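In mature numbering (1 follows the signal peptide of the UniProt record, and there is no 0), the protein residues as written are -26 to -1, 1 to 118.
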């Protein structure tokens, strides 16, 4: 058993001038106006992320997370949004329970996120030794 310790790793959090996401609801509008807004009105928050998780190099599972609206059908997403808000959308700074005791089983979990957080482009990818380590650092964000 070991205690998860935060180690500086090569984590990507890029603020770029543009990020093209084809699954964004805003891109589905023919006028280019976000679905939640109208001409001349900006949405309350421009926060939507595509989250992906791959275990041991297998096929990735993905889901779409939008934090600027409540979705009671998926209450864990509210918790994931709360976790992301705690760290200002910077997934590389997330810590949930760094004192969680994890075994040393090596079953790599690669978590990634791309999209926007409050209008800023986000790109994140990190491989954790196992699910326990991933949960200790990301909490509910990649629990789908």
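Note that CB positions come from ideal geometry on N, CA and C, so glycine has one too.
Just so you know, these numbers come straight off a predicted model, no measurement behind them.
{"Asked": "Residue 86, buried or exposed, once every other Cβ within 10 Å from all chains shown has been counted against 16", "Found": "buried"}
{"Asked": "Endpoints, the alpha helix (DSSP H) within which residue 112 is located", "Found": "105 to 112"}
{"Asked": "Length of the line joining the Cα atoms of residue 26 and residue 110", "Found": "17 Å"}
{"Asked": "Sequence-distant residues of its chain with Cβ nearer than 6 Å to residue 28 (five each side left out)", "Found": "34, 84"}
{"Asked": "Reduced DSSP secondary structure (H/G/I, E/B, other) of residue 55", "Found": "helix"}
{"Asked": "Bridge-paired residues (DSSP) for residue 38", "Found": "24"}
{"Asked": "Residues bridged to residue 95 (per DSSP)", "Found": "90"}
{"Asked": "Residue 107 versus residue 41: straight-line alpha-carbon distance, rounded", "Found": "24 Å"}
{"Asked": "Beta-carbon contacts of residue 47 that lie in its chain and below 7 Å, excluding the five residues immediately before and after", "Found": "Annotation note: pLDDT 49 at residue 47 (below 50); position unreliable, no value reported."}
{"Asked": "Which listed residue (58, 21, 66, 71) has its alpha carbon closest to that of residue 101", "Found": "66"}
{"Asked": "Rounded straight-line distance, which links the Cα of residue 78 to that of residue 56", "Found": "29 Å"}
{"Asked": "Residue 80 versus residue 31: straight-line alpha-carbon distance, rounded", "Found": "12 Å"}
{"Asked": "Cβ shell of residue 60 (< 6 Å), same chain only, five flanking positions each side left out", "Found": "none"}
{"Asked": "Expected contact under 8 Å - CB spacing of residue 82 and residue 103 to nearest Å", "Found": "7 Å"}
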